[in-house]
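Residues 2 to 109 in my numbering are what the sequence shown lists, from first letter to last.
Data block below; observations after.
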Amino acid sequence: MPIHYYVILSATLFCIGIIGVLTRRNAIIVFMCIELMLNAVNLLLVAFSKMHHGSLLQGANSGIDGQIFVFFIMVVAAAEVSVGLAIIVMMYRNVHSVDINFLNRLKN
């Protein structure tokens, strides 16, 4: 499969994530859109790694560098999920809403 298919899919997913972050007011949906953008970048990393190493080496471990980067990005994303959901739960406990317009009420 040509690499430009992966680039188009990744760019589409990333644009959907950006539109979701900029237009939505629900904190959970904004959080999911950020994760969608991270997954779009992961898809592109693996595709470029396979393309680069696939043309140079035809061994069994060709293209593993991009997958290692994706693994570390997923570890950071898992930590982000735990911290982000904790913030959302505390916001819901204080404000009784997950609307990001009510975040200024947390200052008091």
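All residues carry an ideal CB built from backbone N, CA and C; glycine is no exception.
Just so you know, these numbers come straight off a predicted model, no measurement behind them.
(Q) Using only the alpha-carbon positions, how far apart do I35 and I19 sit? (A) Here the alpha carbon of I35 sits roughly 8 angstroms from the alpha carbon of I19.
Q | Whole-angstrom distance between P3 and F103, CA atom to CA atom | A | 46 angstroms
Q | Nearest neighbour of M33, chosen from V76, H53, L14 and F72 [CA to CA] | A | L14
Q: Whole angstroms is fine: what's the gap from T24's alpha carbon to C16's?
A: 12 angstroms
Q: Can you have a look at A79 and say buried or exposed, based on whether 16 or more other CB atoms are within 10 angstroms of its CB?
A: exposed
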